[in-house]
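Working notes, structure below.
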Amino acid sequence: MIVDGANVVGSVPDGWWRDRAGAAIRLRDSLAPLPTTGLPGLPAPIEVVLVVEGKARDIPQAPSGIRIERASGSGDDKIIDLVRAEAASRPIVVVTADRGLRSRAIDLGAEIRGPSSVPR
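Numbered by the numbering used here, the letters in the sequence shown go through residues 1228 to 1347 in order.
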């Protein structure tokens, strides 16, 4: 599962824009149970990748089992690169509400889920 960090964080108007890195850390920590619990229709164990960009790019990796992927440019492009690299070998779920990203990921064979499908 690949999580579009900026999009998922931005889906909750809780003041995240005042501390983008802090919001990304909170999202990382809220995703921590998923590798062992899974999601409805996506049983554990699952690999969870959180793609971060911009001011959130430098958040620390935590021992939570969530893999952090840092986008040097566009987070969407990083997600597509990850989907392209893995979609032929295993099912990929992308968590985002971004229409353009959704379309690009679907074209590569990924399943799409919205931000509300993960704890945030």
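Backbone N, C-alpha and C fix where the C-beta goes; we use that ideal spot for every residue, glycine too.
The structure displayed is predicted, hence computed values, not measured ones.
*Within 7 Å, strictly: CB atoms of residue 1232 and residue 1278*: yes
*Quick one: what's got a C-beta closer than 7 Å to residue 1344's C-beta in the same chain, skipping five residues either side?*
1266, 1322
_Chain-order list of residues whose beta-carbon lies under 7 Å from that of residue 1251 (same chain, five-residue window excluded)_ = Hits under 7 Å: 1232, 1236, 1279, 1283, 1286.
_Classify residue 1325: buried if its beta carbon has 16 or more other beta carbons within 10 angstroms, exposed otherwise._
buried
*residue 1318 to residue 1338, Cα distance in whole Å?*
8 Å
*Measure the alpha-carbon distance for residue 1320 versus residue 1327 and round it to whole angstroms.*
16 Å
*Buried or exposed: where does residue 1302 fall if 16 or more other Cβ atoms within 10 Å of its Cβ makes it buried?*
buried
*CB contact flag (residue 1347, residue 1257, <7 Å)*: yes
*What is the DSSP secondary structure of residue 1274, counted as helix, strand or coil?*
If DSSP states are grouped into helix, strand and coil, residue 1274 belongs with coil.
*What are the boundary residues of the alpha helix (DSSP H) that includes residue 1168?*
This structure leaves residue 1168 out entirely; the chain is present only between 1228 and 1347.
*Can the beta-carbon of residue 1310 be found closer than 7 Å to that of residue 1294?*
no
*CB of residue 1273 within 7 Å of CB of residue 1260, strictly*: No; because the gap between Cβ atoms is not below 7 Å, this pair is not in contact.
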